[in-house]
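The opening position of the sequence shown corresponds to residue 12 in the working numbering, with each subsequent residue numbered one higher.
Have a look at the structure below before the remarks.
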Amino acid sequence: MNGTEQYRLATARAEQKKARFLASVSAAKERVKPRRLKRDIKEKAASGIHNGRSYVTDKVKQQPVAVGATATAILIYLFRRPISALFKRTYVRITNRNPERAETDDG
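Here's what the structure looks like:
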């Protein structure tokens, strides 16, 4: 091989590498466009919700008592103040020996 042929081969390899580089740059530019990112986020969120729903459905089918107990515990925790107020009023009504007197001044 003489110098001219080596130069042509090197030029061809350089052009191939340059074309691959430019293709990867244009692909990267496509990926970071806001429209594409927004679509990707929506797709991932939708698939995550779908996967989560199927996971929860499977767990409910496998362990219905545990899921029911957990749901009840969460509801009790969320409504602890109204429930405690209800029990306090009930306790006062049960232990009040003088039912003519109301537990509050409002009657």
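Positions of the beta carbon are idealized from the N, C-alpha and C atoms, including for glycine.
For residue j and residue i, the rounded distance between their alpha carbons
{"i": "L97", "j": "A77", "result": "26 Å"}
{"i": "K40", "j": "R46", "result": "12 Å"}
{"i": "Y66", "j": "P75", "result": "13 Å"}
{"i": "Q17", "j": "R50", "result": "47 Å"}
{"i": "A38", "j": "A23", "result": "23 Å"}
{"i": "F32", "j": "R42", "result": "15 Å"}
{"i": "A56", "j": "F90", "result": "30 Å"}
{"i": "A80", "j": "G63", "result": "20 Å"}
{"i": "E26", "j": "R19", "result": "10 Å"}
Residue interval of the alpha helix (DSSP H) (run including residue i)
{"i": "K44", "result": "Where K44 is concerned, there is no enclosing alpha helix (DSSP H), given that its DSSP letter is neither H nor E."}
Interface flag, residue i vs chain B, CB-CB below 8 Å
{"i": "R42", "result": "Chain labels in this structure do not include chain B; a single protein chain is all it has."}
CB contact flag (residue i, residue j, <8 Å)
{"i": "I85", "j": "I94", "result": "no"}
Runs of alpha helix (DSSP H) wholly within the segment 67-102 (minimum 4 residues, chain order) = 75-89
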